[in-house]
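Whatever position you read off the sequence shown (first residue = 1), add 1 for the working numbering.
Here a beta-carbon is modelled for each residue, glycine too, at the ideal position from N, C-alpha and C.
Take a look at the structure below.
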Amino acid sequence: METNYKHKVFCMAHELAKATGKAFSVCLAKAWALYRVTRQMHNGIITFAYEKADGTLRKAKGTLKDVQSLVKGTGGENYKTVRYYDVDKQSFRSFRIENFITAY
Numbered sequence: 002m003e004t005n006y007k008h009k010v011f012c013m014a015h016e017l018a019k020a021t022g023k024a025f026s027v028c029l030a031k032a033w034a035l036y037r038v039t040r041q042m043h044n045g046i047i048t049f050a051y052e053k054a055d056g057t058l059r060k061a062k063g064t065l066k067d068v069q070s071l072v073k074g075t076g077g078e079n080y081k082t083v084r085y086y087d088v089d090k091q092s093f094r095s096f097r098i099e100n101f102i103t104a105y
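So, in structure tokens, the structure goes:
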């Protein structure tokens, strides 16, 4: 059964609230921004920024368009991270949703 997009957004917002302790309305706004970024990646290449685990800023060019043949495994939906195909590094990358900064 395909989960609808509102369910995914609210699950991400819930995970953000657990991880950051911020108000749910703030987390929901960030979850919608993340949803829009992933939808744009399904249509082409976009540039966005997030904070890496070591605290440095990472500007990435990512896509999810035409990369289904490169996916290995059958992993389920994860609401704590966003995965994308990095066009500069030519491999899959991911980042924690609370570390997302902005899309350009």
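According to DSSP, residues forming a beta bridge with residue i
i: Ala104; result: Phe49
i: Leu29; result: Note: Leu29 sits in no beta bridge, so no partner.
i: Asp113; result: Given a span of 2 to 105 for the chain in the structure shown, any question on residue 113 remains unanswerable.
Any non-hydrogen atom of the ligand HEM closer than 7 Å to residue i Cβ
i: Leu29; result: The ligand HEM is absent from the structure shown, which contains no ligand whatsoever.
Same chain only: Cβ atoms within 7 Å of residue i, ignoring 5 sequence neighbours per side
i: Phe25; result: Ala14, Ala18
i: Asn100; result: Tyr51, Glu52
i: Trp33; result: Val10
Alpha carbon of residue i to alpha carbon of residue j, nearest angstrom
i: Phe96; j: Lys62; result: 13 Å
i: Glu78; j: Cys12; result: 11 Å
i: Thr75; j: Leu65; result: 16 Å
i: Val83; j: Gly45; result: 16 Å
i: Lys73; j: Arg40; result: 21 Å
i: Asp55; j: His8; result: 31 Å
i: Lys31; j: Glu16; result: 11 Å
Candidates the options: closest to residue i by CA position
i: Ile47; options: His8, Arg37, Asp55, Val27; result: Arg37
i: Cys28; options: Tyr80, Arg84, Arg40; result: Tyr80
i: Ala104; options: Ala30, Leu35, His8; result: Leu35
i: Met42; options: Lys73, Gln69, Gly76, Lys7; result: Gln69
Cutoff 8 Å; reference residue i; Cβ partners in own chain excluding five residues on either side
i: Asp87; result: Ala61, Lys62, Gly63, Phe93, Arg94
i: Gly22; result: none
i: Tyr6; result: Tyr36
Close-in-space but distant-in-sequence residues of the same chain around residue i (CB under 6 Å, 5 per side omitted)
i: Arg59; result: Tyr51, Lys53
i: Asp89; result: Lys62
i: Ala20; result: Glu99
i: Ile102; result: Ala50, Tyr51
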